[in-house]
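Residue numbers (this note's numbering): 13 to 412.
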């Protein structure tokens, strides 16, 4: 199969996969082993120790690598440039370990709270890395933030929770010209909607816990690169740091990937319907959704985020209620189908209060600057009936 030419609907099921040569099993088995027998010292079948190599993890890593557009062969990298970790933060932490103390990183100002915590409360202290947060949805600010010691530009797009959109084409070209490592957190979009490697990015990160797994039953993270030299560095650090994804969780992630394309279509379709409806509700002060014309970066979003050549806004909606914290609590407590919980990207719909939940570790001044206030709510639209979800939201709005 020529994997470079197959449609994403086919790639999520078959990319990087082949039936088991021993049994013919069409689904890669779960290899629950810590070590592998060797015929002679150093003579083995490509597997020595599961921290370093595991067939189930390789199957997942190869599939996500192909979905993100890596064309590396098995000879260039065993898993085609895909690397799976125990969590999204483990993936980010391992990437940061490829840097050197004193390096400077330019990062999006609006980040997942855990990423913000890792950058500013851990690695500034433990690794002497320096981070500058800027609004990368404004193309002109990147060059102003770059210094001679800048070694990494970290982009999140769409961002969490304000759904800012960065012009990946412009950022990728700018970093490539200056020889700066450029990495995108692609969690909210998934490779079905956008593939940053195609815009000149060096690597892509996912919290695979979200849309990749898609069923809220496994924690994982992913890094993907299409560059052999960077893949070699990441493989060394993945093995050296050891925060790898377990074989069983790799199996669950691979299972989730097989329905990713069809799930993302449903997420996007329902989210657009709900976002349009929410915009018309008097108790909703504002709605942020990349698929709405009112979104500040709507034009960029329609160019960057697409399914089958058509714009797609993703499955996340951020809204601000025209109320206070008490009204916001009543809204959140009145929902029935939307579960009040952290995380996102599963088949079930979730609602989150970022200021109290996912972004509580972010400095209050930064939250204020970004607009993460007491009435800001984040919706992860699942694949339930859009009509039922709208009824659930309508009932909750009545309580405000």
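Quick reminder that beta carbons are idealized off the backbone N, C-alpha and C, glycines included.
In the structure shown, residue 20 adopts helical secondary structure according to DSSP, grouped into three states. Residue 355: not part of any alpha helix (DSSP H); DSSP gives it neither H nor E. Judged by DSSP in its simplified three-state form, residue 133 adopts helix. Runs of the beta strand (DSSP E) lying entirely within the stretch 192-249 and spanning at least 3 residues, in chain order: 193-197, 215-219, 233-237. Where residue 27 is concerned, there is no enclosing beta strand (DSSP E), because DSSP gives it neither an H nor an E. Counting along the chain, residue 94 sits inside the beta strand (DSSP E) bounded by residues 94-97. Excluding sequence positions up to five before and after residue 263, its CB lies within less than 6 angstroms of the CB of 42, 68, all in the same chain and listed in chain order. Beta-carbon to beta-carbon, residue 371 and residue 340 are separated by about 15 angstroms, too far to satisfy the 8 angstroms threshold. In its chain, beyond the 5 residues on either side, 214 have a beta carbon closer than 7 angstroms to the beta carbon of residue 239. By the neighbour-count criterion, in which 16 or more other beta carbons inside 10 Å mark a residue as buried, residue 131 falls on the buried side.
Each residue's CA atom was taken as its position, placing residue 280 and residue 57 some 43 angstroms apart. Boundaries of the alpha helix (DSSP H) around residue 316: 310-316.
Per DSSP, reduced to three states, the secondary structure at residue 323 is strand. With fewer than 16 other Cβ atoms inside 10 Å of its own Cβ, residue 44 counts as exposed. Closest by C-alpha distance to residue 312, out of 121, 112, 181, is 181. Within 10 angstroms of the beta-carbon of residue 34 lie fewer than 16 other beta-carbons, which makes it exposed.
The C-beta separation of residue 389 from residue 331 comes to about 5 angstroms, placing the pair in contact by the 8 angstroms criterion. Sequence-distant partners of residue 293 (beyond 5 residues in either direction) whose C-beta falls short of 7 angstroms from its own C-beta, in its chain, are 409. Residue 120 carries a strand assignment under DSSP once its states are collapsed to helix, strand and coil. By the neighbour-count criterion, in which 16 or more other beta carbons inside 10 Å mark a residue as buried, residue 392 falls on the buried side. The stretch 364-391 contains, as complete alpha helix (DSSP H) runs of 4+ residues, the segments 376-382 (chain order). Note: residue 168 is bridge-paired with 197 in the DSSP secondary-structure output.
Looking from the CA of residue 174, the closest CA among 285, 323, 368, 307 belongs to 307.
Counting along the chain, residue 142 sits inside the beta strand (DSSP E) bounded by residues 142-146. In the displayed model, residue 395 falls within coil according to three-state DSSP, outside both helix and strand.
The bridge partners DSSP lists for residue 328 are 392.
Secondary structure at residue 153: helix, using DSSP grouped into helix, strand and coil. By the Cβ neighbour-count rule, residue 322 is exposed, with fewer than 16 other Cβ atoms within 10 Å of its own. Within the same chain, 199, 356, 357 come within 6 angstroms of residue 222 by CB-CB distance, once the 5 residues on both sides are set aside. In the assembly as shown, residue 242 is a buried residue. Its beta-carbon has 16 or more other beta-carbons within 10 Å. About 16 angstroms separates the CB atoms of residue 361 and residue 325; that is not less than 8 angstroms, and the two are not in contact. The stretch 252-259 and the stretch 295-302 do not touch, with fewer than 3 CB-CB distances between them shorter than 8 angstroms. Check the Cα spacing between residue 108 and each of 23, 347, 138: the tightest is with 138. Closest option to residue 219, judged by alpha-carbon separation, among 127, 32, 64, 89: 127. Around the CB of residue 376, fewer than 16 other CB atoms lie within 10 Å, so the residue is classed as exposed.
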